[in-house]
Every structure is written in structure tokens, then in C-alpha cells.
Amino acid sequence: MLSREELLERLREVNSQIDEIQRQIDAVTNEINARKALLEEIRKQLAEVRSLIDGKRQQLQKTRELISSLVERKSQIINQIRTLRNELIQINITLQKYREKLVVYRNLLSTLNEYVGGKVLEKEKLKRVIEQLEYFFETSPTNPEWERQFIKYISQIEKELNLVDSMEKIKSHIAELKKQADDYKNKREAIRGEIARLVQDLTAVKQELSQLKAGREEIYKEIAKLKEKREELKKRREELKAEILQLALKRKELREKRRAVEEELEKYQVLLKALDLSEKSKTRAQAKAAATQSLKEKADVLFNKLMNGERLTHEEIKILIEAGYLPEE
Numbered sequence: 125m126l127s128r129e130e131l132l133e134r135l136r137e138v139n140s141q142i143d144e145i146q147r148q149i150d151a152v153t154n155e156i157n158a159r160k161a162l163l164e165e166i167r168k169q170l171a172e173v174r175s176l177i178d179g180k181r182q183q184l185q186k187t188r189e190l191i192s193s194l195v196e197r198k199s200q201i202i203n204q205i206r207t208l209r210n211e212l213i214q215i216n217i218t219l220q221k222y223r224e225k226l227v228v229y230r231n232l233l234s235t236l237n238e239y240v241g242g243k244v245l246e247k248e249k250l251k252r253v254i255e256q257l258e259y260f261f262e263t264s265p266t267n268p269e270w271e272r273q274f275i276k277y278i279s280q281i282e283k284e285l286n287l288v289d290s291m292e293k294i295k296s297h298i299a300e301l302k303k304q305a306d307d308y309k310n311k312r313e314a315i316r317g318e319i320a321r322l323v324q325d326l327t328a329v330k331q332e333l334s335q336l337k338a339g340r341e342e343i344y345k346e347i348a349k350l351k352e353k354r355e356e357l358k359k360r361r362e363e364l365k366a367e368i369l370q371l372a373l374k375r376k377e378l379r380e381k382r383r384a385v386e387e388e389l390e391k392y393q394v395l396l397k398a399l400d401l402s403e404k405s406k407t408r409a410q411a412k413a414a415a416t417q418s419l420k421e422k423a424d425v426l427f428n429k430l431m432n433g434e435r436l437t438h439e440e441i442k443i444l445i446e447a448g449y450l451p452e453e
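Numbered by our numbering, the letters in the sequence shown go through residues 125 to 453 in order.
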């Protein structure tokens, strides 16, 4: 059986243990709250990073659409240039044919000019000469020899007239061929101008494509960095959750330990209370015994007085009755 001093010492020790455990619980709770606050901040940062990733992905999608559109435009321009260059080839082939025809007609015209000796034959003048000769032939007396010479001369003039017609036709063909060739040349120049414009457009498209592709690579890099940051934040988040869990388990253990110590405290408090009750009961018993002994001693004295014939007071008689020496009235 522990004494009062021992019980009080034990109570002081247990209370000190409870205070220390509570201090540890408060410290762990503060650590948990600090980590929860940090966890909330990590979650906010994680949400921001995810939002940035979504924004970059949308930007990437728009860039891809622009690149796809420009690639299609580039293909269209290349096809247009290819088509126009094929047209140029065909025009050059046609112009070559016209040049060859012009050479033929010019050579023929040169041959006819050489045939007439370089003379300038006037068609209308030749027609008038033939008409005059025919009139003269019809109205003048002739002889067979003169007629043959005359007819031969008229035939010669008619031949020259036919040559003039042929030369005019050749010149007309040459002029028409030159006109058609010029039309093709103009068309060729227009096509060359269109090709030059398309080449400029193609260069601009290529430059824009190059810029967009460079921008796309930058977006890829930014997304990669954001993903890396996201993974770091997720890792830190899981670490904090694990730390909070470990701290919560530690706090639970401390609370269980405190509960056990509190039970021990309660046990000592019960023992102390029982000791107090026991001491109070003992004190009361001792007081009662002392009172009884004192009453008996007084009663003995009074009883002896009574037996000696002495007169007792009312109070003294009550003492004898209380002590059991006299019956109650």
C-alpha cells in the first residue's frame, strides 16, 4: 500500500508525463497543419500548372491547324507553279513551231523575191497593164507571130501577178504567225509574272511555316517543362500526404499513450481518494473512541458520586444515561 506522499509523487510524475505527451501532440499537430497548408499550396500550384498545360495544348492545336493550312497552301502553290511551268513548256514548244514556220515562209518569200529579181511588183499596176494589153489585143490587127509574142507577154505578166498574190498571202501568213507568236509571248510573260508572284507567295508561306514550326517546338519544350514541374509537384504532394499520414499515426500513438497515462492518473487519483476516505474514517473512529472513553471516564466519576449518595444535576444524569449506567427515561 502506497503512502500519501508516494501517491502524490506518482500523481506529479504522471501529470508531468501527460503534459509532456500533450506538448508532443501539440507539436505533431502543428507539423500536420503546416504540411496541410503546404499541401494545399502544392495543390494550387498543381492546378495552375495543369491549367497552363491545357492552355499550351490549345495553343499547340491552333499552331498545328495553321501549319496544316499553310502546308496545304504550299502544296497548292507548288501545284500551280508546276502547272504554269508545264504551260510555259507547251508555249515554248508552240513558239518553236511558229519560229520554224516563220523561217519556212520567210525563206519562201526570199526565194520569190530572188525569182523576181528583187523588183517591187505592184498588184494593181499589173492588173491595169493586163487589162490594157487585153484591150489592145482585141482591138488591134495582128499576125500569128505577133499574137504568140503578145500572149506570151501577157502570160508573163499574169504569172507575175500570181507571184504577187502568193507573196501577199505569204506576208499575210507571216504577219498572222507573228501576231499569234506575240500573243503566246505575251501569255508567256504573264505566266512568268504569275510564277514570280507565286514564288514570292511560296517564300512567304515557307517563312511563316518555319516560324510556326519553331514556335511549335518552343511550345513542345514549354509543355515538357510544365509536365516535369507537374510530376515534381505530384511527387511532393504524395510525399506530403505520406508525411501527414505518418504524423497522424504518431499523434494517434501519442493520444493512446496519453490515454493510458490518464488511466494511470485516474487509478492513482482513486487510490488517493480511497486513502483520504480511509484516513477520514479512521479519524472519525478515533474521535468517536476518544469521545466514548471520555464519556465513560466522566460517567464512572458521576456513578461513584451517585453511589455515595451525592445529588447529580440533570446534565450529569444525561451523561450516565448516555454512558449506559442508567436506563433512559
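Even for Gly, the Cβ is constructed at its ideal location relative to N, Cα and C.
Everything numeric in this text was worked out from a predicted model, so none of it was measured.
For residue j and residue i, believed in contact at Cβ under 8 Å, the rounded distance
i: ARG361; j: ILE166; result: 5 Å
i: ARG382; j: GLN146; result: 7 Å
i: LEU126; j: LEU395; result: 7 Å
i: TYR449; j: ALA423; result: 5 Å
i: LYS311; j: ILE215; result: 6 Å
i: ILE156; j: LEU378; result: 12 Å between Cβ atoms; not a contact.
i: LEU336; j: LEU190; result: 6 Å
i: ILE205; j: VAL329; result: About 12 Å; that fails the 8 Å criterion.
i: ARG354; j: VAL138; result: The pair is not a contact, with the Cβ atoms about 51 Å apart (cut-off 8 Å).
i: ILE347; j: THR187; result: Going by Cβ atoms, the distance from ILE347 to THR187 rounds to 12 Å, so no, they are not a contact pair.
i: GLN393; j: LEU135; result: 7 Å
i: GLU341; j: LEU194; result: That belief does not hold up - the Cβ atoms of GLU341 and LEU194 are roughly 16 Å apart, past 8 Å.
i: GLU211; j: ILE315; result: 6 Å
Minimum C-alpha distance to residue i - residue among the options
i: LEU444; options: ASN432, PHE427 and GLU434; result: PHE427
i: GLU388; options: ILE142, ILE315 and GLN182; result: ILE142
i: LEU163; options: LYS420, LYS376 and GLU367; result: GLU367
i: SER140; options: MET431, ASP400 and GLU386; result: GLU386
i: LEU326; options: LEU135, GLU172, SER199 and LEU184; result: SER199
i: GLU300; options: GLU439, LEU170, ARG230 and GLU380; result: ARG230
i: THR218; options: LYS406, LYS309 and ARG181; result: LYS309
i: THR207; options: LYS221, ARG340, GLU318 and GLN370; result: GLU318
i: SER234; options: ARG408, ILE298, LEU322 and LYS221; result: ILE298
i: LYS419; options: GLY339, ILE441 and TYR222; result: For the sequence presented, residue 419 should be read as Leu rather than Lys. Per the Cα distances, ILE441.
i: GLN370; options: GLU341, VAL152 and GLN204; result: VAL152
i: LEU226; options: ARG435, SER296 and LYS345; result: SER296
i: GLY179; options: LEU364, GLY433, GLU446 and LEU350; result: LEU350
i: LYS160; options: HIS438, GLU363 and GLY433; result: GLU363
i: ILE294; options: THR416, VAL228, ARG209 and ASP306; result: VAL228
i: GLN304; options: LEU357, LYS376, GLN220 and THR437; result: GLN220
i: ARG375; options: ASN154, ARG128 and GLU130; result: ASN154
i: ARG128; options: LEU399, LYS404, SER334 and MET431; result: LEU399
i: ILE213; options: MET291, GLU313 and GLU196; result: GLU313
i: LYS365; options: ALA158, THR437 and GLU130; result: ALA158
Alpha helix (DSSP H) segment containing residue i, residue limits
i: LEU444; result: 438-447
Any C-beta of chain B under 9 Å from that of residue i
i: ARG167; result: Absence of chain B from the displayed structure is noted, only one protein chain being present.
**Contiguous beta strand (DSSP E) assignments of at least 3 residues, all confined to the segment 166-213** = none
**Asked** Curious, which full-length beta strand (DSSP E) runs of at least 3 residues does the segment 288-375 contain?
**Response** none
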